[in-house]
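Chains as they are written, first to last, in this note's numbering: chain G, 141 to 276; chain E, 952 to 1102.
Here a beta-carbon is modelled for each residue, glycine too, at the ideal position from N, C-alpha and C.
What you are looking at is a predicted structure, and each value in this text was computed from that prediction instead of being measured.
Report on the structure given below.
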């Protein structure tokens, strides 16, 4: 088995706020991330696909195709967007790194037809990231 | 908040990087002076030397639907600060960390010691610890969780 990884970057804003919490609770749990007008990050996404190289092309999957999938599913949805208000898949969820990574996994998983999605790693900053794997 | 968001098909881990600077000297009392010199090379120089260590901590758990988080970052940062950064930063691993009396402070052993210190982390499961000693050398330890390396 061979692992292939493609990286993309997007910029987006978000804020953490749970309407079920009091203002004080929101502030205590989420700190600066609760500032009402939001803030932003340069996100780095690494998508890893596992598979056997095709004997004819030598490829696990066509990178051009993966690039198009990432453009369509991630860039067009999230790049230069306010994640809380403009990404329906995140509606009703706190757009933490964990939740965004899971949404991205769920968007990409059915689209990868050659090989299998192995890992989605989303960096919110160089020092904070979330990894998604297939369970089991 | 949406409580149906949890998906059983996906395993999620959170990774956080921390940094500390420390000195060490690689020297085994079980080896002769000549053998120490041969095995450890420059790392055996008598007064030691230092590195800017980067410690990557990976934890897993369920995302709390109320917060969207596997682990509260402030709690995780506080725990790592107390257990690792405060006792190791700007210290001599050989002289200042009791675990390295009689144990050579290679980054392999440092991984094991940091994993041991972080294992009792509350509210999340420690999956593995990865340490960059320099930008060219890194080491990982997952305890008994051999699956950690299949990722």
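Assign residue 165/G to one of two classes, buried (16 or more other C-beta atoms within 10 Å of its C-beta) or exposed (fewer than that). exposed
Grab me the residues of residue 1034/E's own chain with a C-beta within less than 7 Å of its C-beta, minus the 5 sequence neighbours each way, in chain order. 1068, 1069
Proximity test, Cβ basis, 9 Å: residue 1094/E and chain G: So no, residue 1094/E is outside the interface.
Would you check if the distance between the CB atom of residue 1072/E and the CB atom of residue 1006/E is smaller than 9 Å? no
Suppose you measure from the CA of residue 1045/E to the CA of residue 265/G; what does that come to, to the nearest Å? Looking at the two C-alpha atoms, the distance is approximately 33 Å.
Using DSSP with H/G/I as helix, E/B as strand and the rest coil, what is residue 1020/E? Strand, per DSSP.
With a threshold of 16 other CB atoms inside 10 Å of the CB of residue 216/G, please say whether the residue is buried or exposed. The residue is exposed, with fewer than 16 neighbouring Cβ atoms inside 10 Å.
For residue 150/G, which residues does DSSP report across the bridge? 183/G
Step through the CB atoms of chain G and report whether any lies within less than 9 Å of the CB of residue 1073/E. no
Cβ atoms of residue 189/G and residue 233/G: under 9 Å apart, would you say? no
Chain-ordered neighbours of residue 269/G on chain E, where CB pairs are closer than 7 Å: 966
Do residue 1014/E and residue 236/G have their beta-carbon atoms positioned less than 9 Å apart in this structure? yes
Local conformation of residue 1008/E per DSSP, three classes: Residue state, collapsed to three classes: strand.
Going by DSSP, what residue range makes up the beta strand (DSSP E) through residue 1062/E? Taken as a continuous stretch (DSSP letters only), residue 1062/E belongs to no beta strand (DSSP E), being part of the alpha helix (DSSP H) at 1058-1069.
C-beta contact flag for residue 1017/E and residue 182/G at 9 Å: no
Is the segment 974-981 of chain E touching the segment 1050-1061 of chain E in the sense that three or more CB pairs, one from each, lie closer than 8 Å? yes
Assuming the contact rule is C-beta atoms closer than 8 Å, residue 171/G and residue 152/G should be a hit. Round their C-beta distance to whole Å, please. The Cβ separation is near 19 Å, so there is no contact.
Taking beta-carbon pairs under 8 Å, can you tell me which members of the segment 1005-1038 of chain E lie near chain G? Listed in chain order, the positions of the segment 1005-1038 of chain E with a beta carbon within less than 8 Å of a beta carbon of chain G are 1009, 1014, 1016, 1017, 1018, 1019, 1020, 1021, 1023, 1024, 1025.
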